[in-house]
Amino acid sequence: MARIALRNILTRPATRRYPYVKREPFAATRARLTIDFDSCILCGACQKHCPAAAIAVDRGAGLWRIDRLACVSCGACVRACPKKCLALSNERLGAVDAAPPGPAAVDASGRSEEHRRAAAAPEGSDA
Amino acid sequence: MSEHKLPSIGPTVIPFGPQHPVLPEPLHFDLVLEDEKVLDAVPQVGYIHRGLELLVDKRDYLDYVHVAERICGICSFMHGMGYCEAVESILGLAVPDRARWLRTFWCELERAHSHLLWLGLAADAFGFENLFMAAWRARELVIDVAEETAGGRVIFGSALVGGVSRDVGADTLARCAAALRPARDETLRLAEVMISEPTVRHRLEGVGKLGRDRAYELGAVGPMLRASGVDYDVRRRGYAAYGEIDFETVVEEGGDCMARALVRLGEIEQSFRIIEKVVGGIPEGPVSVPVKGMPPKGEAFVRLEQPRGEVLYFVRSNGTRNLERFRVRTPTFANIPAMVEAMRGADLADVPTIILTIDPCISCTER
């Protein structure tokens, strides 16, 4: 009993001092879906394979949109993508509180993220 | 003054659940009581049906594995893997060796963290708060390994028709095996504390007794059946890499809540042993084979051993990209008749303990 009490006084707590000490995510962690929109051909394979219907692709309007709160980070789109422009990063950014890097548009709630290509660009010539 | 005798009011029916502090999931019982003794219990499920089986004819058969994984939050990988094994047997596909071993690795990781979760919940149910926190602290180490290897804490997302979705490097596997050693030592220590604690013994010993023959007749599965002295483990079928790995089946004779707890504590240790063997003996090679085209017409039937017991999967294909039928018989469903039998004659205060020692997973059962 005294031994356990002494040990508990001398050892550090099992928890982290969270706001000051943060746990780094593992390299393998599946978290936020990122897109390299420049190499995207808007084929719509990601939309077709998404089990949560989080991705919407409109080829005519040059639009790729993801609903961040619907995405379950399963990686089905990453496997389906023919151009390998999708990836799951290990950053656990909040679904709605962080603006994505780059010129993507985010709606007022931050819930969905849009990438839009100039409507004048002809299909397939954007390599 | 004449003798005064209270008239008997007969059996009383007390509703238990669907919202009850001891159980986070909605399970309802009508408990028929005579004083404090349970005469009978009428179970009722059906509060969280999500219609996941029906989705199989609306999704591509390769994408449905993500839905199958979400049947349960604890045995998620095994649900995905059971679906994959069923589809692979329709396709006539042989999974690469390394993928079979990795599947075993993740199955055992899941069993360890499921049983540690159960240990915490059970400790919480009989008021042993310290054990609850210590068990979940050990579980956290296991979940970290899951995240490091599969990318997800409880939804591993690594099952794939034709193999597994990602490879794990040798150095990562070795690091994970080392990281699990403290978890194993901690579990052994907790098991020792729990078993030798007189108040715990008092709550568990002789409570909810289920005889060997009766458990078999009622179709109990998993730790519930093994705690009643029946040596039955579907892993002996040798699916994944279990045929090539030496492990013990934990069997107890008591048939009471204590025996069920002992079986689970023993299985956690076995799981850590199997993981060490997988890390030591995993063959090199590819982790998946490409799957193309549509599945031929046919049916398949697969059995696996989940943390809660034997689970059955049935898949029927009609030759298109959408399968016709997917059916899961979960271990909790099979254990409900045995649980009701174990409750008969128990005290009202022991009902939560008996419910928890079958480790019910209602979300799986209703899908």
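If you're matching them up, the sequences are chains A and B in order. Per the working numbering, the first sequence starts with residue 1256, numbered consecutively. Per the working numbering, the second sequence starts with residue 601, numbered consecutively. Glycine residues also receive a C-beta, built at the ideal position from the N, C-alpha and C atoms.
Contact between the region 1336 to 1347 of chain A and the region 668 to 685 of chain B: three or more CB pairs below 8 angstroms? Touching, no.
Quick test of your reading: Val851(B) and Asp831(B), contact by CB under 8 angstroms. State the CB separation rounded to the nearest angstrom. On the second sequence, position 251 is the one that residue 851(B) refers to. On the second sequence, position 231 is the one that residue 831(B) refers to. 5 angstroms between Cβ atoms; contact.
Taking Cys1251(A) as the reference, give the member of Tyr683(B), Gly682(B), Tyr664(B), Val695(B) with the closest Cα. Residue 1251(A) lies beyond the residue range present for chain A, which begins at 1256 and ends at 1382; the question has no answer from this structure.
Out of curiosity, what's the CA-to-CA distance linking Leu1324(A) and Ala1282(A)? If you number the first sequence from 1, residue 1324(A) lands on position 69. If you number the first sequence from 1, residue 1282(A) lands on position 27. One C-alpha to the other measures close to 22 angstroms.
Cβ pair count under 8 angstroms reaching 3, the region 724 to 733 of chain B against the region 792 to 803 of chain B: Touching, per the Cβ criterion.
Leaving aside the five residues before and after Ala934(B) along the sequence, list all residues of the same chain whose C-beta is less than 8 angstroms from its C-beta, in chain order. Here the question's residue 934(B) lines up with position 334 in the second sequence. Excluding residues within five positions, the ones whose Cβ falls inside 8 angstroms are Gly819, Ala820, Val821, Gly909, Glu910.
Going straight from the alpha carbon of Gly610(B) to that of Pro1274(A), what length do you get? For the purposes of this step, residue 610(B) is taken as residue 10 along the second sequence, with counting starting at 1. For the purposes of this step, residue 1274(A) is taken as residue 19 along the first sequence, with counting starting at 1. For Gly610(B) and Pro1274(A), the distance between alpha carbons rounds to 59 angstroms.
Around the Cβ of Thr920(B), are there at least 16 other Cβ atoms within 10 angstroms (buried) or fewer (exposed)? Position 320 of the second sequence holds residue 920(B). So Thr920(B) counts as exposed.
Residues near Thr1289(A) by beta carbon distance below 6 angstroms, same chain, minus five either side: Taking the first sequence and counting its residues from 1, the one referred to as residue 1289(A) is at position 34. For Thr1289(A), the CB contacts under 6 angstroms within the same chain, skipping 5 residues up- and downstream, are Ala1342, Ser1344 in chain order.
Ignore the nearest five residues each way along the sequence and tell me which others in Phe1292(A)'s own chain have a CB closer than 7 angstroms to its CB. Locating residue 1292(A) in the first sequence gives position 37, counting from the first residue. Excluding sequence positions up to five before and after Phe1292(A), its CB lies within less than 7 angstroms of the CB of Trp1319, His1370, all in the same chain and listed in chain order.
Label Phe1014(B) either buried or exposed according to how many other C-beta atoms from any shown protein chain fall within 10 Å of its C-beta, with 16 as the threshold for buried. Here chain B has residues from 601 to 967 only, and residue 1014(B) is not among them.
Would you list, in chain order, the members of the region 1317 to 1349 of chain A that have their beta-carbon closer than 9 angstroms to a beta-carbon of chain B? Going along the region 1317 to 1349 of chain A in chain order, one finds Val1327, Ser1328, Cys1329, Gly1330, Ala1331, Arg1334, Ala1335, Leu1343, Asn1345 with a Cβ nearer than 9 angstroms to chain B.
Cβ of Arg784(B) within 8 angstroms of Cβ of Glu869(B)? Residue numbering aside, residue 784(B) sits at position 184 when the second sequence is read from its first letter. Residue numbering aside, residue 869(B) sits at position 269 when the second sequence is read from its first letter. Cβ atoms of Arg784(B) and Glu869(B): closer than 8 angstroms.
When the cut-off is 8 angstroms and only beta carbons count, does Arg1285(A) lie next to chain E? Among the protein chains in the structure shown, which are A and B, there is no chain E.
Enumerate in chain order the residues of its own chain whose CB-to-CB distance from Lys897(B) is below 7 angstroms, with the five nearest sequence positions on each side excluded. Counted from its first residue, the second sequence places residue 897(B) at position 297. Only Ser917, Asn918, Gly919 meet the Cβ criterion.
Quick test of the definition: if touching needs 3 or more C-beta pairs under 8 angstroms, does the region 932 to 951 of chain B touch the region 697 to 716 of chain B? Segments in contact, no.
Identified DSSP bridge partners for Gly909(B): Position 309 of the second sequence holds residue 909(B). Here Gly909(B) is bridged, per DSSP, to Gln906(B).
So what's His628(B) in DSSP terms, helix, strand or just coil? Within the second sequence, residue 628(B) is the residue found at index 28, counting from 1. Under the three-state reduction of DSSP output, His628(B) falls in the strand class.
At 7 angstroms on the CB atoms, spell out the chain A contacts of Glu748(B), in chain order. What you label residue 748(B) is simply residue 148 of the second sequence in a count that begins at 1. Within 7 angstroms of the CB of Glu748(B), the CB atoms of chain A belong to Phe1281, Ala1283, in sequence order along the chain.
Beta-carbon proximity of Asp635(B) to Arg944(B), cut-off 8 angstroms: Stepping through the second sequence from its first residue, residue 635(B) is reached at position 35. Stepping through the second sequence from its first residue, residue 944(B) is reached at position 344. Not in contact: Asp635(B) and Arg944(B) (Cβ atoms no closer than 8 angstroms).
Straight-line gap, Glu876(B) to His713(B) (C-alpha atoms, nearest Å): Translated into the one-based positions of the second sequence, residue 876(B) becomes position 276. Translated into the one-based positions of the second sequence, residue 713(B) becomes position 113. The straight-line gap from Cα to Cα measures roughly 15 angstroms.
Please tell me whether, using a cut-off of 7 angstroms, the distance from the CB of Ala1331(A) to the nearest non-hydrogen atom of the ligand FAD is below it. Only the bare structure without any ligand can be found here, which leaves the ligand FAD out of the picture.
Buried versus exposed call for Glu685(B) [16 or more other C-beta atoms within 10 Å across all chains shown]: Position 85 of the second sequence, counting from 1, holds the residue named residue 685(B). So Glu685(B) ends up on the buried side.
How should Ser1294(A) be labelled, buried or exposed, when 16 other C-beta atoms within 10 angstroms of its C-beta is the threshold for buried? What you label residue 1294(A) is simply residue 39 of the first sequence in a count that begins at 1. Exposed, since its Cβ has fewer than 16 Cβ neighbours within 10 Å.
Cutoff 8 angstroms; reference Pro1306(A); Cβ partners in own chain excluding five residues on either side: Translated into positions along the first sequence, residue 1306(A) becomes position 51. Val1327, Cys1329, Ala1331.
With Val940(B) and Phe616(B) assumed to form a contact (beta carbons below 8 angstroms), what rounded beta-carbon distance in angstroms separates them? By one-based count along the second sequence, residue 940(B) stands at place 340. By one-based count along the second sequence, residue 616(B) stands at place 16. No, Val940(B) and Phe616(B) are not in contact; Cβ-Cβ is about 12 angstroms, not under 8 angstroms.
Identify whether Ala1382(A) lies in helix, strand or coil by the three-state DSSP scheme. Start at 1 with the first residue of the first sequence, and residue 1382(A) comes out as number 127. Residue confidence for Ala1382(A) is low, a pLDDT of 38 falling below 50, so the modelled location carries little weight; the figure read from the coordinates is stated next. Note: Ala1382(A) maps to coil in three-state DSSP.
Work out the CA separation of Ala791(B) and Leu912(B) for me, nearest whole Å. Position 312 of the second sequence holds residue 912(B). Position 191 of the second sequence holds residue 791(B). Cα to Cα, the separation comes out at about 31 angstroms.
Quick one: Cα of Arg814(B) to Cα of Gln644(B), how far? For the purposes of this step, residue 814(B) is taken as the residue at position 214 of the second sequence. For the purposes of this step, residue 644(B) is taken as the residue at position 44 of the second sequence. C-alpha separation (whole angstroms): 22 angstroms.
Quick check on DSSP: helix, strand or coil for Thr1289(A)? Within the first sequence, the letter at position 34 stands for residue 1289(A). In this structure, Thr1289(A) counts as strand in the three-state DSSP scheme.
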